[in-house]
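Chemist: To convert, note that position 9 of the sequence shown is 20 in my numbering; the numbers rise steadily by one, no gaps.
Built from N, CA and C at the ideal position, the CB exists for glycine as well.
Below is a structure I'd like to ask you about.
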Amino acid sequence: MTSKLQLYSIYMSSPCFRVLIALNLKGLDYEYKAVNLFEKEQNRPEYLKINPLGYVPALVDGNIVLADSFAIILYLEEKYPQHPLLPCDLVKKAINYQVANIVCSSIQPLLRLPILRYIEENVGEDEKFQWVYKHVAKGFAALEILLKHHAGKYATGDQIYMADVFLAPQLISVTDRFNFGMSEYPLLSRLYETYKQVPAIQNALPQNQPDFPGRTS
Ligand SMILES: N[C@@H](CCC(=O)N[C@@H](CS)C(=O)NCC(=O)O)C(=O)O
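Quick look at the structure:
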């Protein structure tokens with residue numbers, strides 16, 4: 012008997028959001044294991060055995076334990092080939108890696124809660140927002156240029172791929188959390204509107220997760 016996948020996650024994390032979208036697109040059933048970052052559950056010894064870095068998401072698949080959304084999504088792609096998240100075309104595949112990596116190494120890490128809390132407490136609230144806007148604007152401007160020659164209905168064509176899996180949570184989280192204006196990014200704005208209609212993305216939204224505050228089931 013194969014055991015169900017387990018996803019260690021918190022509702023408000025965009026890296027967790029990425030993995031949820033991938034699981035949904037591939038139609039994989041999973042058990043949601045909430046890790047409360049506000050209670051510092053990520054630093055408890057039992058969680059550090061799963062991810063020694065103390066970050067969510069982490070995925071358990073039988074005796075395989077994996078952390079980091081990029082690694083988890085590539086693993087899911089190879090193990091569960093249904094609904095491919097990477098195109099066959101070499102260039103389009105590389106663009107998918109590039110977009111995913113821009114999001115997960117040049118935008119999202121700069122917006123982590125401990126960093127923003129540090130700036131707010133040691134420098135000021137205005138500076139915190141300036142920091143967010145500066146780094147999001149730099150990343151989005153690059154993505155807007157990069158995707159100009161690749162986008163179709165989705166980021167790299169007419170199918171939803173890994174680039175979208177990383178982009179959708181980033182677009183949704185900066186608009187919801189920081190009220191970031193998208194008017195200078197027409198292509199990303201169009202993708203944002205498209206993503207909001209995709210069931211696999213809707214189901215992965217923070218407010219649809221079992222640990223979202225106020226949810227009873
Ligand atoms: N590169 C990692 C980043 C994961 C990450 O930043 N997780 C944050 C939540 S969004 C976290 O667990 N933070 C806990 C902490 O800062 O102690 C990935 O893509 O999975």
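1) For S184, tell me which candidate among L122, A166, Y172 and Y165 has the shortest Cα-Cα distance.
2) With DSSP collapsed to three states, give me the class of Q17.
3) Below 8 Å between beta carbons: does that hold for N107 and L97?
4) Is it true that the stretch 17–31 meets the stretch 45–62, where meeting means three or more beta-carbon pairs spaced less than 8 Å apart?
5) For the stretch 139–155 against the stretch 175–189, do three or more pairs of beta-carbon atoms, one drawn from each stretch, fall closer than 8 Å, so that the two count as touching?
6) If A82 sits next to N62, beta carbons under 8 Å apart, how far is it from one beta carbon to the other, in whole angstroms?
7) Between Q119 and S25, what straight-line distance do the alpha-carbon atoms span, to the nearest angstrom?
8) How is D222 classed by DSSP in three states: helix, strand or coil?
9) Got a sec: does ligand 1 put a non-hydrogen atom nearer than 7 Å to the Cβ of D48?
10) Cβ of Q53 versus every heavy atom of ligand 1: is any distance shorter than 7 Å?
11) Closer than 8 Å is the cut-off here; do at least three beta carbon pairs connect the stretch 83–91 with the stretch 146–165?
12) Do K139 and L198 come within 8 Å of each other at the CB atom, strictly closer than that value?
Modeler: According to the structure shown:
1) Translated into positions along the sequence shown, residue 184 becomes position 173. If we check each option's Cα against that of S184, L122 comes out closest.
2) On the sequence shown, position 6 is the one that residue 17 refers to. Three-state DSSP puts Q17 in a strand.
3) In the sequence shown, counting from the first residue as 1, residue 107 sits at position 96. In the sequence shown, counting from the first residue as 1, residue 97 sits at position 86. Yes, these two residues count as a Cβ contact at 8 Å.
4) yes
5) yes
6) For the purposes of this step, residue 82 is taken as residue 71 along the sequence shown, with counting starting at 1. For the purposes of this step, residue 62 is taken as residue 51 along the sequence shown, with counting starting at 1. Not quite, the Cβ-Cβ distance comes to about 11 Å (not below 8 Å), so this is no contact.
7) Counted from its first residue, the sequence shown places residue 119 at position 108. Counted from its first residue, the sequence shown places residue 25 at position 14. Computed Cα separation, rounded: 8 Å.
8) Residue mapping note: residue 222 aligns to position 211 of the sequence shown, counting from 1. Correct three-state label for D222: coil.
9) One-based indexing of the sequence shown puts residue 48 at position 37. In the sequence as presented, Asp is not what sits at residue 48; that position holds Leu. Correct: L48 has its Cβ closer than 7 Å to ligand 1.
10) By 1-based counting over the sequence shown, the position of residue 53 is 42. Yes, the Cβ of Q53 comes within 7 Å of a heavy atom of ligand 1.
11) no
12) Within the sequence shown, the letter at position 187 stands for residue 198. Within the sequence shown, the letter at position 128 stands for residue 139. For L198 and K139, no; Cβs fall outside 8 Å.
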